[in-house]
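This report refers to the structure that appears directly beneath it.
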Amino acid sequence: LERTPGLALTQWHFIRDHNNLTNDDILANCTENVIICHFLRIYNNILPNEYPCVILHIGKKSQKGALFMTYCLAVDIGASSGRHIIGWQENGTIMTQEVYRFPNGVSSQDGHLVWDMQALFGHVVEGIRVAFASYPKIKSLSIDTWGVDYVLLKGDQEVWPCYAYRDSRTERSIPVVHSIVPFEELYRHTGIQFQSFNTIYQLYCDKKSGKLQSAKHFLMMPEYLSFCLTGEIRNEYTNATTTGLVNAKQKT
Numbered sequence: 573l574e575r576t577p578g579l580a581l582t583q584w585h586f587i588r589d590h591n592n593l594t595n596d597d598i599l600a601n602c603t604e605n606v607i608i609c610h611f612l613r614i615y616n617n618i619l620p621n622e623y624p625c626v627i628l629h630i631g632k633k634s635q636k637g638a639l640f641m642t643y644c645l646a647v648d649i650g651a652s653s654g655r656h657i658i659g660w661q662e663n664g665t666i667m668t669q670e671v672y673r674f675p676n677g678v679s680s681q682d683g684h685l686v687w688d689m690q691a692l693f694g695h696v697v698e699g700i701r702v703a704f705a706s707y708p709k710i711k712s713l714s715i716d717t718w719g720v721d722y723v724l725l726k727g728d729q730e731v732w733p734c735y736a737y738r739d740s741r742t743e744r745s746i747p748v749v750h751s752i753v754p755f756e757e758l759y760r761h762t763g764i765q766f767q768s769f770n771t772i773y774q775l776y777c778d779k780k781s782g783k784l785q786s787a788k789h790f791l792m793m794p795e796y797l798s799f800c801l802t803g804e805i806r807n808e809y810t811n812a813t814t815t816g817l818v819n820a821k822q823k824t
């Protein structure tokens, strides 16, 4: 593209065959302000070089050559691996690109299976750094993980360890919990199927060990990682429903 002297900012001329150009071609040849054009298609799609383009949008070019593009970052963490994914909308289609991947897994500590939360958070931060290096205009980010597991806080200090749902510590607590609240009643209130690792059984174990007594706050895995980034203590509703503690009708 070439700006023609004397024309207004919103008028440009082609310097090569427009039929072989895409928006990406145009963006690739612009270094500062970007113009995405729709061209007058006359005389069987032939557009004379001297005919000015019709400008639809003017904006700033991003690193990836998009105009007014909104980029979001999803940090998707599973029990065996995690990944950072950039998402954006392009021509009505949601586009994604993985920018960082890392391993995850449980560790053994004092005969129990636990999560290495320091290492996990380190990967979250490193993936964010990598994402911003390629997409510096990320507008928002969010973190998701598996359900049921959590971190307890005493003030703003963690009460370790963070047990993994695969740990067998809940086996002896399940019948005790059901003797207090029968499973049928739990299910009627929560709609959550029985799993030995459900949060309610884990918390009862913490109560019996005295760990729960010193805790002031309860954060599930993604909310804990978000807390480490922001200092905000909040729990997200849909993830909280995996605990077996949320009333499905009252949503509390």
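Heads up: the sequence shown begins at 573 in this note's numbering, then just goes up one per residue. Beta carbons are placed, not taken as given, at the ideal position from N, Cα and C, and that holds for glycine. Predicted model only: the values in this text are computed from it and were never measured.
Alpha-carbon to alpha-carbon, residue j and residue i
i	j	result
residue 724	residue 738	18 angstroms
residue 774	residue 742	6 angstroms
residue 812	residue 646	19 angstroms
residue 670	residue 702	11 angstroms
residue 824	residue 730	25 angstroms
residue 680	residue 732	14 angstroms
residue 697	residue 706	15 angstroms
residue 762	residue 749	15 angstroms
residue 719	residue 667	26 angstroms
residue 685	residue 776	17 angstroms
residue 683	residue 746	19 angstroms
residue 650	residue 756	30 angstroms
residue 691	residue 767	27 angstroms
residue 675	residue 792	20 angstroms
residue 726	residue 648	27 angstroms
residue 636	residue 644	Unreliable placement is indicated for residue 636, whose pLDDT of 45 sits below 50; no coordinate value is reported for it.
residue 736	residue 822	29 angstroms
residue 765	residue 751	17 angstroms
residue 780	residue 656	38 angstroms
residue 877	residue 789	Residue 877 falls outside the range modelled here, since the chain spans only 573 to 824, and no answer is possible.
residue 673	residue 652	11 angstroms
residue 784	residue 758	21 angstroms
residue 782	residue 760	29 angstroms
residue 806	residue 787	15 angstroms
residue 689	residue 704	23 angstroms
Buried versus exposed, by CB contacts within 10 Å (16 or more), residue i
i	result
residue 660	buried
residue 795	buried
residue 753	exposed
residue 712	exposed
residue 803	exposed
residue 728	exposed
residue 677	exposed
residue 699	buried
residue 665	exposed
residue 626	Interpretation of residue 626 is limited by its pLDDT of 35, a score under 50 that renders its predicted location unreliable; the figure taken from the coordinates is listed afterwards. Flag for residue 626 reads exposed.
Selection from the options that minimises the alpha carbon distance to residue i
i	options	result
residue 734	687, 789 and 765	687
residue 815	642, 721, 798 and 648	721
residue 714	800, 746 and 761	800
residue 642	771, 663 and 651	663
residue 709	717, 658 and 650	658
residue 716	805, 756, 797 and 802	797
residue 809	803, 802 and 819	819
residue 695	704, 654 and 728	654
residue 740	758, 769 and 760	769
residue 772	744, 817 and 689	817
heavy atom of the ligand COA below 6 angstroms from residue i C-beta
i	result
residue 824	Looking at this structure, you won't find the ligand COA or any other ligand, since it has none at all.
- request: Counting only runs of 4+ residues fully inside the segment 674-728, write out the alpha helix (DSSP H) ranges in chain order.
  value: Fully enclosed alpha helix (DSSP H) runs of 4 or longer: 689-706.
- prompt: Which full runs of the beta strand (DSSP E) of 3+ residues lie inside the segment 745-815, going along the chain?
  reply: 789-792
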